[in-house]
Each structure stands twice: as C-alpha cells, then as structure tokens.
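For the protein sequence lines, the chains are C and G, in the order given. Numbering follows UniProt numbering, with no gaps: position 513 of the first sequence is 513. Numbering follows UniProt numbering, with no gaps: position 133 of the second sequence is 133. For each residue, glycine too, the CB sits at the ideal point set by N, CA and C. Since this is a predicted model, take the numbers as computed values, not measurements. Take a look at the structure below.
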Amino acid sequence: MLQIPMWKRFLIWGLCVLGVAFATPNLFYDRVERHNDAVGLIETGTATPELEAEAALWPDFLPNALINLGLDLRGGAHLLAEVRVSDVYADRIDGLWPSVRDLLSDERSVVGNVRRMPSDAGELRVQVSNPDGMARALEVVRTLAQPMQTLTGVGARDLDVTQDGEDIVVTLSEAERTATDDRTMRQSLEIIRNRVDQAGTREPTIQRQGEDRILIQVPGIGSAAELKALIGTTARLTFHPVVSQTSDPDTAPGPRNIIVPSMEQAGLYYILEQTPVVSGDQLVDAQPAFDQNNRPAVSFRFNPAGGRAFGLYTAANIGSPFAIVLDNEVISAPTIQSHISGGSGIITGRFSVEETTQLAVLLRAGALPAEMDFLEERTIGPELGQDSIEAGKIAAIIAMLAVVVFMVLSYGVFGIIANIALMFNLALIFALLSLIGATLTLPGIAGIVLTIGMAVDATVLIFERIKEESLTAKGPARAIQLGYEKAMSAILDANITTFITAVILFAMGSGPVRGFAVTLGLGIITSVFTALFVTRLMVVLYYERARPKTLVI
Amino acid sequence: MRLKLVPSVTSVDFFRFWRVTFGASVVAMVLSIVVFFVMGLNFGIDFRGGTTIRTEAVQPVDIGAYRDAMTPLGLGDVAITEVFDPSFGPDRNVSMIRVQAQDGVESVTPETIDAVRLALTEIDPSLVFASVESVGPKVSGELVQSAVLAVVLALVAVLFYIWLRFEWQFSVGAVAALVHDIVLTVGVFSLFQIRFDLAIIAALLTIVGYSLNDTVVVFDRVRENLIKFKKRPLKEVLNLSINETLSRTMMTSVTTLVALIALFILGGDVIRGFVFAMIWGVLVGTYSSVYVASAVLLFIGAKRDWSKSDSDTGGTQFATDDK
C-alpha cells in the first residue's frame, strides 16, 4: 500500500536538504561573491587584513557556489569574433619560397631558371624556364612536403604540389589546412584569454564557437569597444633592417622588401627588408617604462635565441637605422648606437603612459596568429542589469505568493504539501544552476517564473486524480495510491515532450535561447522529482499521522 | 471554503460546434498568414543586423531633436522610439534607437557609437547609453536559420515521440495544434508589430512545450478511456476525457497565467514582449489542445482496438465520427 522504505525517505529528504543548502548562497549573493573573490586572491599569495575580513563574510564550511549572472543581468560586454584562419595559410606558403628557390636552383641544369609568378594568397606559383625539366622540378619540390600525423589521413602530407600549365603550384593540403585552422584557433583562444586575464576582470567567458569563431563575454567591463581595443589588436612586433625612406606610398619597394607607414609622422614611409631580424615571438617580457628623457616607453627582454640574433645584428650594423614595426606600422626607427647584448631593449615612440601599459600587456600576451572580424558586439550597462534583477525578483515573489494562496484555497492540506514541494523545487533549481555553473539570463528568470506556474501542473494532475479515485475507490489509501499510479503516464509523457524541446533549444540556440533552455530543462527535472517523490512522501506522512477516513481534497 | 474553478463533475459538450470552432481556427490561421505577409514582422537586430542603442535620460525624450541630431551622421535608416513603462519615474526617460547595418562592416565601429553619443549628448547632457548592441549581417542571417531549424526540429522530435507513445493520429493532432499556436503567435506579433528577436524564439518554443504538455495530458486520458470504453463513439470518449481533465487544465493554466501576468506587469520593459508571447501561448495552447488537437483526432479518427495486435483483427480499425 503506502509503504515507503526508510532509506528512500532519507534519500528524498536528503536531496531536498542538499538543494536548500546549495541554493542558500544565492540569497546572500554579494557577501558570497566578495568572499569568493577574497579567497581566490589569498590563494594566489596576496593576503591583507582587508582581504581576510572580506573572506570572513561567509563561513568556509558552507557551500559557496553561485549562479553565474548573465551579461544582461550584471552588465558587461559581449563580442563574437571570427578569426581569419586563412591568413595563416598565406604566411606559411610565403615562407616556403626561399626553400623552393634554393632547391630548384640546385637543379638549374635540368630545370633552367626559376621565377616566382604572381598568384592568389595562400598559393605559391613557380615557373621554370625549361619545360622538359618539369617532372624533375615537381619531384624536387615534393620533397618539401612532410608526412602528417593525423587520425584519418593515413599517408597525408602537409603540402600539395601540382602542375598548372607551365607553373608549379604549391598549396597547403586539405588535411594540413584543417590542422592549421585548429592550431590557429587554439592559439587565438589562448592569447585572448591571456589578454583578458591581464585586464583583471571577473570570470570572463571565452569559448570557441564552430569552426572559426570565438565568443568573449566579460562581465563588468565598461564597453565592447574597450574589449575590442584589447583583443582586436594583432600585436605582431617585428624588428626590420631599414633600406630607405620615402614620402610616396606607391614606390616599388623592390624584391623581398616591404613598404610600411610611419606611426609618428604622417606621409613618411619606410622601405624595409621583408624578413625580420627578430620577432615578438621571442619576447619573454615587456613592461611599461620611461626612457632617458622621461618619456613613456616599453622595455622588453628576448629569449636567448632572440637575444643572440639581436646582439649579432646590432654589432654588425652600428650606425644604420633599425625599424620597430607593430601591426604594419613603424613605431620608431632608431639608429643603432652600439652593440646591444643581453637581449633587452626599449621601445620609444609617441606613447602616452596608458598606451605603453596596454602595449606591454599585448606584447606579453603574444601576437594573435590571425586577424579577427567582429560579427556581433553588445554592451549592457550595469544599471540596466540591476533593474532587470530587481524586476525579476519582485515578479517571481508575486508569482509565488499567488500560486501558494491559490493552491491552499483549492486543495487545503494537500495545497500546503504542494507548496512545500514547490519551495524545494525552486531550491533544487537554484542549487543545480549554481553547481553546474550555468549562466542565469533574463529569459532564464522568465523560465523560472514559468516553472513556478508549471511545477504545480504535475502536482495538480496527481491531486485531481486522487480526487477522482476517491469517488470510486475503497478508502483513502487506495485512492492515493491509484492517484499516483494513474497520473504517472500523463506526467511523464507531458514532461518528456517538453524536455525534448528544451534539449533542442539548448543544442540549436545561442545566448538568450540557451539560458532559457537550461532553466526550463532543469525545472522539468526538478518538478518531476518533487511531484512524484517529495509530495508523495509528504502525503504518506500526512496519511500515517492523520489516518483520515475520507480524503478532503 | 474551498476554491473551485470548475465543478467536480462536468459534462460540457465540447464538440457540439466543433466544425465552427475548427473553422474559426483555420480562418484565424489564414488571417495570421495574410497579416504576416502584408505587414511583416518587426524584426530586432538579432535577425536583420544593425545596432540598437538604449538611452536613458533625466529630461523627457524629444524624438524629433534626436532625429535631427543623428541625420547629419549619415547612418542610413534610423528608427527612434520612446519606451514607456509604468515603473519609470518622471526623471527616467528611455528611448531605443535602431540603426541599420552599415555597408561593408560586420559590426558597428566604436567611432560610429562615439559620433552618435556626441551628437545626442549635445541635446541632452544627462543622456547615457544603457546598452549598445550590434549584430553583423552575416550572423543575423545565421540566427534566422538556426531559429527556424530549432522550431522545425522540435516539431519533428515531438511528432516522433508522440507517434511512439500513442498512435500516428495523435501525433498529427498534436502537431496540428502546435502549428496552429505558432502561426497565431507569429500573426499576433505581426499585427501589433511587437519586436521579434531571439528571446521571442525562446518564448515560441516554450509555447510549443506548454501547448504540448496540455495536449499530451488530454491525449493520455483519451487513450485510457478508449481502452476502458471500447464501444463508445470516439466523440463521446473525447468529450468525457476533456471533461475529466478540465479541472486540472484550468488549475494549471490559471496558476501559470497568474505567474506570467505578474512578470508582465512587474518584469520591466526589457522582457515584456517575451512574456506577452508566453501569455498568449498559454491561452492559445490551452484552447488548441481541445479545439485543434482533439478536433483533428476526431476528424481523422483513432485506432480503437488497443487490446489485440493488428494481425489478429486483420487491419487497423478506425472509428468514424457519427454523421
């Protein structure tokens, strides 16, 4: 009949208590958050009395997981960036030209003269003057292709070398492109994470989305523009030998040279050797500093390899100018005064103190492998978020009160049971949201309010069924049992179908749709649990105590 | 004193005028489609790209002045609307400015935002930008696609689940009800030109969930009663099932509506459109589980013999509605 074994009773109550325990920190959101921040800082080794005081705001033995508030509730910036992964192909292929030239010139007797032809980006076209040597030329160039370690492509190589008319065409193979894309994305993610962390904001979300996109959400930052300035810069630093200066941007720079504008002086252009002496990849540190005239500057240090290259070059070229190039602009082109050994130096330019600080951050974090396009950006002011939270809270409380009153009026004692179950249901939703670190958004709050309304549905189904059964069944115990049994299939079917839509929403949706799907899905799970187990346990407890002859429902 | 929304035992003949109500539903759907094609939807930037700026100011919003200030910037199509909300005091004046997607750029440049900010603060120094959101045309196209795909996939999944748990006739009824609810909701959004953005898609799918919930509860009872009363005409069984679940339907709909109405009034203007969609969805969802889902079932008939397998009876037996 209405027997529930003791272990089951403990399990059900245990889950409810856990739900309440893990939901509680959210009632003291501000305190817990300050506690968590302080604890985080203390763990990194900075302990001050103020931090200890902050940490003491919340006892350590209590759960301290909080619901992550979405940007629409907390304010902050959201960016969706697309990484131009194919930029990297062009660099890789361009870098191949010297080796191809050297290989083919060793075979000059067979292939004749070698010439690089104009081509699309990401493709290297080479012409040999003796068409009879074509087969040999292809064979030689093919030796450049390296076998790849991939899961699928057994025997795949990283380069495709084909013949197109009189040209040899070298491109990255399909497998290599996929591998390169993946590497580019991972590098970009890492560098963006570094840069955002350097800016010292709280819990940023930096995620890869799809093939070539990165989603960046930073709570508490003033605007998306600020965030964009921080992560939108490639920050590629290189040091080049200067060939000459010009005021005409259309001057032909000559082979293996590039023409780059000056940052300091409009209308001034430098012709530089294309191959840098040292690049920013070899930096190990960069700090904001001041030069001997007390102007803001950035000091840097190279790794041993970079330092040696830098030292050798400066020793050999005393008296000639040397260009420091950042993202295709010459920051400055000082004349080398003496041999710079030890691998450290200083970059001066027309910087403000803020600019040097930012440049140092960017250089430390490293250069992005490819440029990014921003597809979507959103800034939400903190006040707007606060307003939304307040509005949502009030609405949720009113909705709760209305439902509570309504249920008691309709079902009496059973209504009270339903209401207690509803409270546990809410606690469980908040506990789960906190534990899995889900983000609560405005539509998410609507989802919770809707859950309040719908959570009673399963309970109502059961109660109505008990009511019906008590008209025909023999005795209240039987009515209760039949009520639960017969309501079961309707509850399951109804909730499974809704759950399916929640899962599809989560899989397909983005942003607000996802946030909503999470609360809806969790709400369904917890409301089925509370309706089938918690109310049942309470109804049985009520029945065991009161032993009513007839059910008043 | 016990509150009763409906008497304990009811025997309303829901299908007395089922042809009329079903006809009305069909007419309403056709009208919705017509309205949709004539007036279109008021798509938010999620779906058509562009930038929206929410401004808040102490001084009252002067749309004409805002427009005059923004015209020289040459941003193309600019829509400025004032936002009214009962919870705003006299010193809180909110407007929404929507700027079309700019040619050749994926999202808005900081320079554009600064130019707008500068132009507007000249009129009203107290003005602040509470939020700035910008979606590039590439992404907005994808968002439309994935939203439509999500709705269609949800429908297919539901169709499949109900077919597994019930019979194909029930699936058709349930999905007809869902399509009905979605079409009517889109019609209402088009008619009142409420802003249609990603959050509304979330609402639309909740409507799907809610309406389904309701339909499945009724169908579950129909299935049970079909087994119990093998000889009764389908129409009577449907009527009985709906009557038996009526008090549950009312309780759930009313409590959900109470919660939603609280959110509608007190939840602030940011989610008002979203909550409106859900309120409307609860109303049509409740209606459609009886007058569309069950009516379709009545129309195409349902397999009556659940006790024996098909091979025993030599085929599927359908009930015909009593003409």
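With respect to the beta strand (DSSP E) encompassing C/D160, which residues constitute its N-terminal and C-terminal limits?
-> 159–164
In whole angstroms, what is the alpha-carbon distance linking C/A323 and C/I331?
-> 8 Å
Would you kindly work out how many angstroms separate the C-alpha atoms of G/T255 and C/M488, rounded to a whole number?
-> 21 Å
Counting only beta-carbon atoms, is C/M185 nearer than 9 Å to chain G?
-> no
How about C/F406: is its C-beta nearer than 9 Å to some C-beta of chain G?
-> yes
Compute the Euclidean distance between the alpha carbons of G/D220 and C/D197, then round it to the nearest angstrom.
-> 54 Å
Would you kindly work out how many angstroms separate the C-alpha atoms of C/Q3 and G/I279, rounded to a whole number?
-> 41 Å
Close-in-space but distant-in-sequence residues of the same chain around G/V6 (CB under 6 Å, 5 per side omitted) = L246, S247, M250
C/I271: first and last residue of the uninterrupted beta strand (DSSP E) it sits in | 269–273
Between G/F219 and chain C, is there a C-beta pair that is closer than 9 Å?
-> yes
Give me the Cα-Cα distance between G/K308 and C/S434, rounded to the nearest whole angstrom.
-> With a pLDDT of 47 at G/K308, under the threshold of 50, the predicted position of this residue should be treated as unreliable, though the coordinate-derived value follows. The straight-line gap from Cα to Cα measures roughly 50 Å.
Starting from C/N76 and walking both ways along the beta strand (DSSP E), at which residues does that stretch end?
-> Note that residue 76 of chain C corresponds to Gly in the displayed sequence, not to Asn. Here the beta strand (DSSP E) through C/G76 covers 76–83.
Which residues, in chain order, does the stretch 75–86 of chain C contribute to contact with chain G at a C-beta distance below 9 Å?
-> G75, H78, L79, L80, E82
The beta strand (DSSP E) with G/G50 in it runs from where to where?
-> 50–57
Between the C-alpha atoms of C/I389 and C/L71, what's the straight-line distance to the nearest angstrom?
-> 11 Å
Where in the UniProt domain "SecDF P1 head subdomain" (264–370) of chain C do unbroken runs of the beta strand (DSSP E), each at least 3 residues long, occur, reported from the N-terminal end onward?
-> 269–273, 283–290, 296–302, 322–326, 329–332, 344–348
Straight-line Cα distance separating C/G280 from C/L124 | 26 Å
Can you give me the Cβ contacts of G/G267 inside the same chain, cut-off strictly under 7 Å, excluding the 5 residues immediately before and after it?
-> V275
Any C-beta of chain C under 9 Å from that of residue 376 of chain G | Residue 376 of chain G lies beyond the range of chain G shown here (1 to 323); nothing can be said about it.
Close beta carbons around C/P249, own chain, < 8 Å, minus the five adjacent residues each side | I259, P261, Y269
Alpha carbon to alpha carbon, how far is C/A77 from G/S134?
-> 11 Å
List, in order along the chain, the chain C residues whose C-beta lies closer than 7 Å to that of G/A130?
-> G381, E383, L384
When every heavy atom of the ligand SAH is checked, does at least one fall within less than 8 Å of the C-beta of C/L41?
-> Ligands in the displayed structure: none, and consequently the ligand SAH is not present.
Assigned exposure category for C/F430 - 16 Cβ within 10 Å defines buried | buried
Between the stretch 99–108 of chain C and the stretch 135–144 of chain C, do at least 3 Cβ pairs fall closer than 8 Å?
-> yes
Since G/P7 meets chain C, which of its residues come closer than 7 Å, beta carbon to beta carbon?
-> Those do not exist, as G/P7 stays about 12 Å from chain C at its closest Cβ, beyond 7 Å.
Mind checking if G/S294 is an interface residue toward chain C, Cβ cutoff 9 Å exclusive?
-> no
G/Q193, buried or exposed, once every other Cβ within 10 Å from all chains shown has been counted against 16 = exposed
If we count Cβ pairs, one from each stretch, closer than 8 Å, do we get three or more for the stretch 354–374 of chain C versus the stretch 60–71 of chain C?
-> no
Can you give the Cα-Cα distance for G/V218 and G/R272, rounded to whole angstroms?
-> 30 Å
Report buried or exposed for C/T335, applying the criterion of at least 16 other Cβ atoms within 10 angstroms of its Cβ.
-> exposed
Which runs of the beta strand (DSSP E) spanning at least 3 residues fall entirely within the stretch 194–265 of chain C, listed in chain order?
-> 205–209, 213–219, 237–246, 257–261
What does a CB cutoff of less than 7 Å around C/Q163 pick up in its chain, not counting 5 residues either side in sequence?
-> M134, L138
Start and end residues, beta strand (DSSP E) containing C/F374 = 372–380
Pull up the distance between the alpha-carbon of C/F506 and that of G/M39, whole angstroms please.
-> 31 Å
Quickly, what does DSSP pair G/D124 with across the bridge? List them, please.
-> Beta-bridge pairing links G/D124 to no other residue.
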